[in-house]
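Asker: For the protein sequence lines, the chains are A and B, in the order given.
The first sequence begins at 1 in the numbering used here and counts up by one.
The second sequence begins at 1 in the numbering used here and counts up by one.
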Amino acid sequence: MGREVSKGDIGSLVLAVLAGGPCHGYAIAREVERQSREVLQMREGSLYPALRVLEAQGLIKGSWETGSSGPARKVYSLTTQGHDALVQKRHAWAEYARAINEFLGGTYEQSA
Amino acid sequence: MNSQLEAYLHRVEAQLHSLPAEKRAAELRELRQHLEAMVARLSNDGLNQQEAVETALAQFGDAHHLGQALHQAHRAPESVPRFVLATVGAVGAYLYLFPLYKAAVWSHMPPGHPLPIQGLFYNALYWLLPFTSGLLAGGISTSRAGQSTACVGVLVAALMTTFFSFGPGTLLTFLCTLLAGVKVGSQRTVQFSLERSKG
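(1) Using CA atoms only, rank isn't needed, just tell me which of A/A16, A/H24 and A/G105 is closest to A/T66.
(2) Output, in chain order, the set of chain B residues within a Cβ distance shorter than 7 Å of A/R52.
(3) Residues in its own chain within less than 6 Å of A/S12 by CB, not counting five upstream and five downstream?
(4) So which residues on chain B does A/P49 lean against when the C-beta distance must stay under 8 Å?
(5) How about A/E65: is its C-beta nearer than 7 Å to some C-beta of chain B?
(6) Mind checking if A/E31 is an interface residue toward chain E, Cβ cutoff 7 Å exclusive?
(7) At which residues does the alpha helix (DSSP H) containing B/L35 begin and terminate?
(8) Cα-Cα, which of A/L78, A/A72, A/Y26 and A/A27 is closest to A/E55?
(9) From the DSSP output, in three-state form, read off A/L40 for me.
(10) Hey, which unbroken runs of the alpha helix (DSSP H) at 4 residues or more fall wholly within the region 38-88 of chain A?
(11) Would you mind working out which of A/Q41, A/G8, A/A16 and A/L59 sits nearest A/Q113, comparing C-alpha positions?
(12) For B/Q191, collect the residues of the same chain with a Cβ closer than 8 Å to its Cβ; drop the 5 residues on either side in sequence, then sort them by chain order.
(13) Use the C-beta contact count for A/V87: other C-beta atoms within 10 angstroms, 16 or more gives buried, fewer gives exposed.
(14) Would you kindly check if the distance between the Cβ of A/A27 and the Cβ of A/E44 is under 7 Å?
(15) If we ignore side chains and look at the alpha-carbon of each, how far apart do A/V17 and A/L40 end up?
(16) Answer with buried or exposed for A/I100, where buried requires no fewer than 16 other C-beta atoms within 10 angstroms of its C-beta.
(17) Is DSSP giving A/H91 helix, strand or coil here?
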């Protein structure tokens, strides 16, 4: 049973997926599930508003592209600003995870 | 397309009525493609058509909420803080520039009642200052719309101050002109930054 991605984390996950290359919305949602080994579930109703916000912030860029077959699809890619934001988010997350791990990872001993 | 999916998209569309038609159509087109892809995948996984549609719609959530969330997301989240910052900047710039202007121009005004043409000229300069302060604070606009707004704003301000002298009309005109400059400038800044990030 997957766990739904919280709204606050969707932006970071989208940026991380797009760091691997341009994707359309459907592929982004599936890629989050695949890369998390189905632990995280991306809810589409939250994905598209998050994509619009990231576009407005200039972190991603969406463009309609026509493939070899089928209709044009909107494909998203990371901007330079988005790359920088992702680096910052990764750094911030590593710090946060390390701090939490100090408490919950077994290395923390509560003083009596 | 499945009538249930169409009905869902109609409900989303109802929340996007304030978006330009082109944006709205693009939004719905993208959602439709996503829904169709999901239904196709779920059908391949063994669900019948009805189950696949229902599962896909459940994954998307309530249409009303999705529409509202998209509508909110389209409302340029940066524009309000930018506008506020630009207003503060404009007032600051005006307060800083006014003494310079006063020393350079105001002190050289003809004594007594100036001739109408001179009064118009000085008043035009007087009101040009808040407008350009606003424009500079919000971001310099090179668009035709920005320039036209600036010209109209200054002309109206000059006429108003000529007719109403320095009464409440003057204050009102000052504020309107300042805010017009800020608004034009800040809007252009947001558009410019978004265009640049897209480019």
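By construction, the Cβ of each residue, glycine as well, lies at the ideal position given by its N, Cα and C atoms.
Answerer: Taking the coordinates as given:
(1) Cα-wise, what sits closest to A/T66 is A/H24.
(2) Neighbours of A/R52 in chain B, taken as residues whose beta carbon is under 7 Å from its own, are L70, A73 and H74 in chain order.
(3) For A/S12, where only same-chain residues beyond five positions count, the Cβ hits under 6 Å are K89.
(4) Going along chain B in sequence order, the residues near A/P49 (Cβ under 8 Å) are L66, A69, L70, Q72 and A73.
(5) No, its Cβ sits nowhere closer than 7 Å to a Cβ of chain B.
(6) You won't find chain E in this structure, because its protein chains are A and B.
(7) From DSSP, the alpha helix (DSSP H) with B/L35 extends over A21 to N44.
(8) Just measuring C-alpha positions, the residue of A/L78, A/A72, A/Y26 and A/A27 sitting nearest A/E55 is A/L78.
(9) In the structure shown, A/L40 sits in a strand (DSSP, three-state: E or B).
(10) Assignment of alpha helix (DSSP H) within the region 38-88 of chain A, counting only whole runs of 4 or more residues, yields 44-56 in chain order.
(11) Given that chain A is displayed from residue 1 to residue 112, the structure contains no residue 113 of chain A and the question cannot be resolved.
(12) Low local confidence applies: a pLDDT of 46 at B/Q191 is under 50, so the model's placement there is unreliable, with the coordinate-based value given in what follows. So no residue of the chain qualifies.
(13) Per the 10 Å Cβ criterion, exposed.
(14) The beta carbons of A/E44 and A/A27 sit no closer together than 7 Å.
(15) Distance from the CA of A/V17 to the CA of A/L40, rounded to the nearest whole angstrom, comes to 13 Å.
(16) Per the 10 Å Cβ criterion, exposed.
(17) Here A/H91 sits in helix by DSSP.
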